[in-house]
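In this note's numbering, the protein residues as written are 2 to 333.
Every residue gets a Cβ at the ideal spot worked out from N, C-alpha and C, and that includes glycine.
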Amino acid sequence: GLPSQTPPMNNRRKFVIDQIVELFEACRQQPSDLARKEMCRSRLQQDINRVYAVARLYLTGSSMNELGCRSSDADLCLVIKGNKRPNPLQVLPVLQRLFGGLLYIEKTQLIRAKVPILRFREKGSNLEFDLNVNNTVGIRNTFLLRAYSYADRRIKPMILVVKKWARHHQINDASKGTLSSYTLVLMVLNYLQTRKEPVIPSLQMDYPECFNPFVDVDLVPEGPKRIPPYISRNQAPLGELLLGFLEYYAIHFRWDKYVISVREAQVLPKTNSQQWKNKYICVEEPFERNNVARAVHEKAKFDAIRAQFAESFHILKQRRDLNSILPIRDII
Ligand code: ATP
Ligand code: MG
């Protein structure tokens with residue numbers, strides 16, 4: 002067989018940490034990536050204002066929450082205010098026509114999902130955009146995730162490696178009945194919150210004024226600036242946290258009994274209310290309290306997700322080499 006690349010036992014701890022950091026440094030969004038997205042956003046904002054004079058366009062998602070990769074798409078939210086809330090399914094076709102005349106945009110496609118979006122590309126780059134209308138909870142939760150990403154230096158690399166792992170194993174696609182990136186992020190955060198010695202607290206409970214869900218959405222991206230990093234007594238290294246995360250969802254977490262709540266930094270008993278009833282995976286949206294994992298509605302997909310956690314846990318525990326669950330070289 003192939004020569005083993007696994008290092009001797011005494012080096013293994015350090016080895017996985019170094020691999021996670023290497024992957025993170027190679028894949029994390031660069032300032033130039035964000036600049037390109039921001040440039041495109043501001044051109045679009047100007048062109049949209051020809052039709053919707055006072056609309057504002059926001060970058061959201063992993064482009065703004067510090068949890069993005071170089072290859073991440075750019076999520077956009079168009080906020081159109083007024084006393085009569087426009088129907089996204091009336092606005093998006095108007096934008097689709099408008100974008101058809103813009104020379105820097107191509108491949109525009111309207112997707113009629115629960116939150117309808119317009120998907121398009123910037124011409125000449127492979128930068129992909131997903132634009133929604135007035136789904137402002139995405140602006141609020143983007144800045145909550147951003148605050149978590151700064152709460153402890155282990156958060157960003159940990160989340161990036163989990164996203165890459167899930168994508169590699171094809172359990173990171175809500176449109177195919179598996180986990181959205183957003184769901185995965187909340188699962189990682191809740192794992193870190195629920196350790197005996199928590200790695201992070203609930204920022205919404207510790208700083209309620211920074212994450213007030215009623216504050217005007219235009220003011221959200223300005224704050225929160227005053228959240229100091231959390232000093233945890235849990236200084237477990239990244240490799241242990243990754244292994245612990247896999248173990249927790251493979252073995253310990255009771256999917257049938259509990260709801261994952263980042264808002265409360267706890268797991269909550271599953272009630273009979275309709276958003277949790279008959280759902281395989283329950284992950285609470287921190288601001289709206291609905292289930293962000295509702296895409297997982299097939300037993301077979303749920304089983305495949307759990308099986309992947311279990312398989313990767315056992316392999317990583319044995320091998321203590323990130324390559325055993327995620328081929329680093331192919332991903333970088
Ligand atoms: P990636 O780097 O893979 O693109 P992402 O962090 O951008 O990951 P997505 O799942 O693409 O995550 O979601 C983008 C953003 O849309 C999230 O950061 C969140 O603000 C918002 N969002 C996604 N799903 C939901 C949901 N179910 N409820 C509320 N907001 C959501
Ligand atoms: Mg995204």
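Proximity test, residue i beta-carbon vs the ligand SAM heavy atom, cut-off 8 Å
i: THR195; result: Annotation note on the ligand SAM: not contained in the displayed structure, which lists the ligand ATP and the ligand MG as its ligands.
Own chain residues within Cβ distance below 8 Å of residue i, not counting five before or after
i: LEU77; result: ARG42, LEU45, LEU58, TYR59, LEU60, THR61, PHE130, ASP131, LEU132, ASN133
i: PRO328; result: HIS169
i: ARG290; result: ARG264, GLN276
i: SER72; result: CYS28
Beta-carbon gap between residue i and residue j smaller than 9 Å
i: LEU1; j: LYS164; result: Residue 1 lies beyond the range of the chain shown here (2 to 333); nothing can be said about it.
i: SER126; j: ARG29; result: no
i: SER325; j: ILE316; result: yes
i: ALA301; j: PRO199; result: no
i: PHE303; j: GLU248; result: no
i: ASN50; j: PHE144; result: no
i: GLU285; j: ASN142; result: no
i: LEU93; j: PRO117; result: yes
i: VAL268; j: TYR281; result: no
i: LEU128; j: MET159; result: no
i: TYR149; j: LEU90; result: no
i: LEU161; j: LEU24; result: yes
i: ARG264; j: GLN309; result: no
i: LEU119; j: ILE112; result: yes
i: LYS82; j: VAL55; result: yes
i: LEU239; j: VAL17; result: yes
i: ALA305; j: ILE252; result: no
i: PRO87; j: ASN135; result: yes
Contact set for residue i: own chain, Cβ-Cβ below 7 Å, skip 5 residues either direction
i: ASN173; result: LYS164, ALA167, THR179, LEU180, SER182, LEU185
i: THR137; result: CYS78, VAL80, VAL218
i: LYS318; result: LEU244
i: ALA350; result: Absent from the structure is residue 350, since the part of the chain shown begins at 2 and ends at 333.
i: PRO4; result: Bear in mind that the predicted position of PRO4 carries a pLDDT of just 49, short of 50, making it too unreliable to give a figure here.
i: ASP19; result: none
i: PHE384; result: Examination of residue 384 is not possible in this model, given that the chain is present from 2 through 333 alone.
i: VAL52; result: VAL95, LEU99
i: TRP256; result: TYR281, ILE282
i: ASP74; result: GLU129, PHE130, ASP131
Any non-hydrogen atom of the ligand ATP closer than 8 Å to residue i Cβ
i: PRO191; result: Strictly speaking, residue 191 in this sequence is Asn, with Pro absent from that position. Not under cutoff, so the answer is no.
i: THR272; result: no
i: VAL80; result: no
i: CYS28; result: no
i: TYR149; result: no
i: GLY62; result: yes
i: SER181; result: yes
i: VAL138; result: yes
i: LYS164; result: yes
i: LEU68; result: yes
i: GLU123; result: no
i: ASN135; result: no
i: THR109; result: no
i: LEU128; result: no
i: ASN84; result: no
i: GLU289; result: yes
i: GLU39; result: no
i: VAL186; result: yes
i: GLU286; result: yes
i: VAL293; result: yes
Same chain, Cβ closer than 6 Å to residue i, neighbours up to 5 away in sequence not counted
i: PRO214; result: PHE288
i: ILE140; result: TYR59, THR61, CYS78, VAL218, VAL221
i: ARG330; result: none
i: SER262; result: LEU269, GLU285
Cβ-heavy atom distance, residue i to the ligand MG, below 8 Å
i: SER43; result: no
i: SER176; result: no
i: ASP34; result: no
i: ALA296; result: no
i: ALA114; result: no
i: SER73; result: yes
i: ASP76; result: yes
i: ASP219; result: no
i: ASP322; result: no
message = Three or more C-beta pairs under 8 Å: does that hold for the segment 231-249 against the segment 281-297?
response = no
key: Contact the segment 152-162 vs the segment 273-283: 3+ CB pairs below 8 Å   = no
request  = Could I get the ranges of all uninterrupted alpha helix (DSSP H) runs contained in the segment 5-89, with 4 residues as the minimum, in chain order?
outcome  = 13-28, 32-50
inquiry  = List, from N- to C-terminal side, the beta strand (DSSP E) runs of 3 residues or more that fit wholly inside the segment 264-301.
reply    = 267-270
request  = May I have a chain-ordered list of the alpha helix (DSSP H) segments no shorter than 4 residues that lie completely inside the segment 147-209?
outcome  = Correct list: 156-169, 182-194, 204-207.
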